[in-house]
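Chains as they are written, first to last, in our numbering: chain C, 199 to 316; chain A, 5 to 115. Built from N, CA and C at the ideal position, the CB exists for glycine as well. See below for the structure under consideration.
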């Protein structure tokens with residue numbers, strides 16, 4: 199069964215460093231998402247991406263964050279200058295084109311990248 | 005959904021028994037989906053079940069079923085014949101594009 203994959207599974211970085219989190223969505227999916235979950239808290243939406251542009255972003259997704267689909271398979275989240283409070287689990291998710299199905303399709307989540315900022 | 009509320013931080017159930025996890029939501033959207041995700045200690049998010057808001061029939065997936073009350077904006081998850089492997093955090097989520105999650109319910113299954 200196809201699945202969303204994410205690399206790395208764990209990343210430790212120093213405050214102020216740039217990190218790139220990578221995701222390979224399910225191959226026929228067209229909508230891509232990033233969420234984060236600070237330890238012990240709920241999952242929060244960061245950004246959605248469709249047709250090579252950001253579809254929606256949350257207040258959390260400030261200028262320090264960016265997303266990119268550099269090729270036909272990868273979807274990346276970059277944090278330019280990490281802060282202590284960026285420590286969290288980052289989930290990538292993908293779904294098929296909701297317009298094609300008229301309604302929101304199921305979002306399938308990757309296993310997550312655990313980011314620790316020291 | 006703009007808000008999703010799970011009022012039970014923790015629940016426990018005996019193996020083979022039935023447990024119901026509660027979820028309420030608030031939304032101004034007319035078209036939306038509702039989901040239950042399971043998060044084991046590995047922290048991976050695993051889809052358990054989904055419900056299309058335009059459907060009146062409650063979704064079922066093997067031992068998992070939902071009680072969807074659209075007027076009351078309620079979406080509870082029933083787990084029948086609970087198994088030790090069901091122990092996890094359970095998150096209710098909803099939306100028409102981005103998903104809004106509840107705070108989760110930690111389910112313990114006692115042997």
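Endpoints, the beta strand (DSSP E) within which residue i is located
{"i": "residue 236 (chain C)", "result": "First-last for residue 236 (chain C): undefined, no H or E at that position."}
{"i": "residue 214 (chain C)", "result": "From DSSP, residue 214 (chain C) is part of no beta strand (DSSP E); its letter is neither H nor E."}
{"i": "residue 114 (chain A)", "result": "109-114"}
{"i": "residue 255 (chain C)", "result": "251-255"}
{"i": "residue 226 (chain C)", "result": "Unbroken run through residue 226 (chain C): none, as it is neither H nor E."}
{"i": "residue 28 (chain A)", "result": "28-30"}
{"i": "residue 71 (chain A)", "result": "68-73"}
{"i": "residue 54 (chain A)", "result": "50-56"}
{"i": "residue 92 (chain A)", "result": "92-99"}
Cα-Cα separation between residue i and residue j, rounded to whole angstroms
{"i": "residue 204 (chain C)", "j": "residue 290 (chain C)", "result": "7 Å"}
{"i": "residue 34 (chain A)", "j": "residue 231 (chain C)", "result": "22 Å"}
{"i": "residue 256 (chain C)", "j": "residue 234 (chain C)", "result": "11 Å"}
{"i": "residue 6 (chain A)", "j": "residue 242 (chain C)", "result": "12 Å"}
{"i": "residue 219 (chain C)", "j": "residue 265 (chain C)", "result": "10 Å"}
{"i": "residue 273 (chain C)", "j": "residue 228 (chain C)", "result": "11 Å"}
{"i": "residue 18 (chain A)", "j": "residue 68 (chain A)", "result": "16 Å"}
{"i": "residue 59 (chain A)", "j": "residue 74 (chain A)", "result": "10 Å"}
{"i": "residue 82 (chain A)", "j": "residue 250 (chain C)", "result": "39 Å"}
{"i": "residue 115 (chain A)", "j": "residue 24 (chain A)", "result": "18 Å"}
{"i": "residue 11 (chain A)", "j": "residue 27 (chain A)", "result": "7 Å"}
{"i": "residue 244 (chain C)", "j": "residue 209 (chain C)", "result": "19 Å"}
{"i": "residue 216 (chain C)", "j": "residue 282 (chain C)", "result": "13 Å"}
{"i": "residue 39 (chain A)", "j": "residue 276 (chain C)", "result": "28 Å"}
{"i": "residue 71 (chain A)", "j": "residue 53 (chain A)", "result": "12 Å"}
{"i": "residue 57 (chain A)", "j": "residue 286 (chain C)", "result": "31 Å"}
{"i": "residue 91 (chain A)", "j": "residue 253 (chain C)", "result": "35 Å"}
{"i": "residue 315 (chain C)", "j": "residue 258 (chain C)", "result": "17 Å"}
{"i": "residue 51 (chain A)", "j": "residue 95 (chain A)", "result": "10 Å"}
{"i": "residue 263 (chain C)", "j": "residue 102 (chain A)", "result": "17 Å"}
{"i": "residue 99 (chain A)", "j": "residue 213 (chain C)", "result": "34 Å"}
{"i": "residue 8 (chain A)", "j": "residue 49 (chain A)", "result": "17 Å"}
{"i": "residue 247 (chain C)", "j": "residue 76 (chain A)", "result": "32 Å"}
Status (buried if at least 16 other CB within 10 Å, exposed otherwise) for residue i
{"i": "residue 42 (chain A)", "result": "buried"}
{"i": "residue 310 (chain C)", "result": "buried"}
{"i": "residue 236 (chain C)", "result": "exposed"}
{"i": "residue 300 (chain C)", "result": "Any reading at residue 300 (chain C) must be qualified, since the residue scores a pLDDT of 46, below 50, and its modelled position is unreliable; the value itself is stated next. With fewer than 16 other Cβ atoms within 10 Å, it is exposed."}
{"i": "residue 108 (chain A)", "result": "buried"}
{"i": "residue 270 (chain C)", "result": "exposed"}
{"i": "residue 298 (chain C)", "result": "The pLDDT assigned to residue 298 (chain C) is 48, lower than 50, so where the model puts this residue is not dependable, and the model offers no usable value."}
{"i": "residue 88 (chain A)", "result": "exposed"}
{"i": "residue 199 (chain C)", "result": "exposed"}
{"i": "residue 279 (chain C)", "result": "exposed"}
Residue i CB to nearest heavy atom of the ligand NAD below 7 Å
{"i": "residue 111 (chain A)", "result": "The ligand NAD is absent from the structure shown, which contains no ligands of any kind."}
(request) Please list the residues of the segment 237-263 of chain C that have a C-beta atom closer than 8 Å to any C-beta atom in chain A, keeping them in chain order. (result) 239, 240, 241, 242, 243, 246, 253, 254, 256
(message) For the segment 35-60 of chain A, list every residue whose C-beta sits within 9 Å of some C-beta in chain C, in sequence order.
(response) 35, 36, 37, 39, 41, 43, 46, 47, 48, 49, 50, 51, 54, 56, 57, 58
(request) Determine which residues of the segment 274-289 of chain C have a Cβ less than 9 Å from any Cβ of chain A, and write them out in chain order. (result) 287, 289
(request) Determine which residues of the segment 68-93 of chain A have a Cβ less than 8 Å from any Cβ of chain C, and write them out in chain order. (result) none
(message) Using a Cβ-Cβ cutoff of 8 Å, what residues of the segment 98-109 of chain A are near chain C? List them in chain order.
(response) 99, 100, 101, 102, 103, 104, 105, 106, 107, 108
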